[in-house]
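Chains as they are written, first to last, in the numbering used here: chain A, 2 to 196; chain B, 2 to 196.
For every residue, glycine included, the Cβ atom is placed at its ideal position computed from N, Cα and C.
Quantities reported herein were computed from a predicted structural model and do not represent experimental measurements.
Just below is one structure, and these are the notes that go with it.
2 protein chains.
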Amino acid sequence: MAPTTETLTAERILEATEEVLRRHGPAKATVVDVARALGVSHGSVYRHFRTKAALREAVTKRWLDRTSGELSGIAAAEGDPEARLRDWLSALFAAKRRKAGDDPELFATYMVLTGEAGTAVGEHITDLTAQLARIIRSGVDAGSFDTADPEASARAVFHATGRFHDPCYSREWERPGVEGEFEAVVELVVRGLHS
Amino acid sequence: MAPTTETLTAERILEATEEVLRRHGPAKATVVDVARALGVSHGSVYRHFRTKAALREAVTKRWLDRTSGELSGIAAAEGDPEARLRDWLSALFAAKRRKAGDDPELFATYMVLTGEAGTAVGEHITDLTAQLARIIRSGVDAGSFDTADPEASARAVFHATGRFHDPCYSREWERPGVEGEFEAVVELVVRGLHS
DNA sequence: CAGCTGACAGATTTCAATATCTGTCATCTG
DNA sequence: CAGATGACAGATATTGAAATCTGTCAGCTG
């Protein structure tokens, strides 16, 4: 694309890569395309990212971190832990559903990227369950939740609600009735946590 | 394979198709292969199944029905509903995990088959949640479970435990610690159901 | 000399020609 | 004549040669 005089940074490469992925999809997005988009040779891209896989994983990480960031506010907030848990789960579902619904092709692209084994997804899940554990712990402290192991309960809640945040279910998220299914599972889970 | 004098029945075709799928995998299993395995012309296969898709769906249905059958005994049994619910969920997880672990290639084949949109999977899920609903209803009658809508609760329980029976998670089922994760989710769900 | 380039080897992908498959049906056979 | 066959048209899959990509690196440039 248009050559620039700006310095070539990891950040600029990541932005260009996102754009190339959006345009070409995961199968046809090449490092050469990214370099072309930046007006540099592909060798320069390899100066910042050792391999194509590392570049793709960095893009994935950025994308996942955006979701984590949206939710961390709720996890850190003050107030009724049960309400916060419900809010957090709703926000997670809403965020995923929005991403999947607004631009299905891009979402499919990221599904491919997250499927390429790497540590990014695992770290994202660790991050999210840590947020959940924080909420649950504050519920235990307040006496509204009862669990011996908030971390384990957090993982259980995360797993139990997987249908409403795991990308492999994304095509179900637009069906009529999901909202109700979501409420039912959240209800079950919140009741299971109660003392 | 070996030609036979036996009459050509839908049942024999289904058996041969299973064998061909096991041998060749979902991508390379053709109707011609099935006919060859039976020692007949492929036109004869089309006499019993209108399309290749119908044949594949019939095989899928048979496979899914085998799991449903294994579980229906637990759902129909007498005795403590909570124990039956735990047994049923454990049996479902064990059955899926065994199928995935014993013959991963065949399991992958069936994952492809179930992914080919059709009514078989939907009916299977309806069947399983009906079994769950039966257990939950008996728990409500016995006074140990509390829910206004056992069918809805059954779907919620099924969704909440998806990570331990949905094929899209099958590669997680062999990791150390799954057993514990499973127990934690079941515990959460059972507590959520309790009155 | 830090950062960029572009040629290169080996791996991967594309593309078009070729082969095989699906689904139909007129015809055959017991 | 019920049930099986195999030739056929159009759709799909395979194959192998050519094009492109990945990752490296010696050398260029500011």
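Thinking C-beta only, is residue j closer than 8 Å to residue i?
i: E36(A); j: V190(B); result: Inspection of the sequence shows that residue 36(A) is occupied by Ala rather than by Glu. It is not a contact, given that the beta carbons lie outside the stated cut-off.
i: A78(B); j: R85(B); result: yes
i: H43(B); j: I14(B); result: no
i: R192(A); j: E182(B); result: no
i: L22(B); j: T110(B); result: yes
i: D128(B); j: S196(B); result: no
i: A153(B); j: A185(A); result: yes
i: R67(B); j: W174(B); result: no
i: S171(B); j: A101(B); result: yes
i: R87(B); j: V187(B); result: yes
i: L107(A); j: H166(A); result: no
Buried or exposed: which applies to residue i, given that a residue is buried once 16 or more other Cβ atoms fall within 10 Å of its Cβ?
i: V158(A); result: buried
i: A3(A); result: The predicted model places A3(A) with a pLDDT of 40, which falls under 50 and marks its position as unreliable, so this point remains unresolved.
i: T10(A); result: exposed
i: D142(B); result: exposed
i: A134(A); result: buried
i: T18(B); result: buried
i: G163(A); result: buried
i: P105(A); result: exposed
i: T8(B); result: exposed
i: P177(B); result: exposed
i: G74(B); result: exposed
i: A55(B); result: exposed
i: G80(B); result: exposed
i: D34(A); result: buried
Am I right that residue i and residue j are in contact with their C-beta atoms under 8 Å? What's the rounded C-beta distance?
i: K62(B); j: V32(B); result: Wrong, their Cβ atoms sit about 18 Å apart, outside the cutoff.
i: I137(B); j: L90(B); result: At roughly 12 Å, the Cβ-Cβ gap does not stay under 8 Å, so I137(B) and L90(B) are not in contact.
i: L65(B); j: Q132(B); result: Incorrect: roughly 13 Å between the Cβ atoms, too far for contact.
i: S145(A); j: E83(A); result: 6 Å
i: V113(A); j: P27(A); result: 4 Å
i: S69(A); j: H125(A); result: 6 Å
i: G123(A); j: E58(A); result: That pair is no contact at about 11 Å.
i: E12(B); j: A38(B); result: With 8 Å as the limit, E12(B) and A38(B) do not qualify as a contact, their Cβ atoms being about 14 Å apart.
What are the start and end residues of the alpha helix (DSSP H) that includes residue i?
i: V21(A); result: 11-29
i: D103(A); result: 82-103
i: G163(A); result: First-last for G163(A): undefined, no H or E at that position.
i: R37(B); result: 32-39
i: G44(A); result: 43-49
i: R176(B); result: No alpha helix (DSSP H) holds R176(B); DSSP gives it neither H nor E.
i: E58(A); result: 53-77
Looking only at DSSP bridge pairs, what is residue i linked to?
i: F146(A); result: H195(A)
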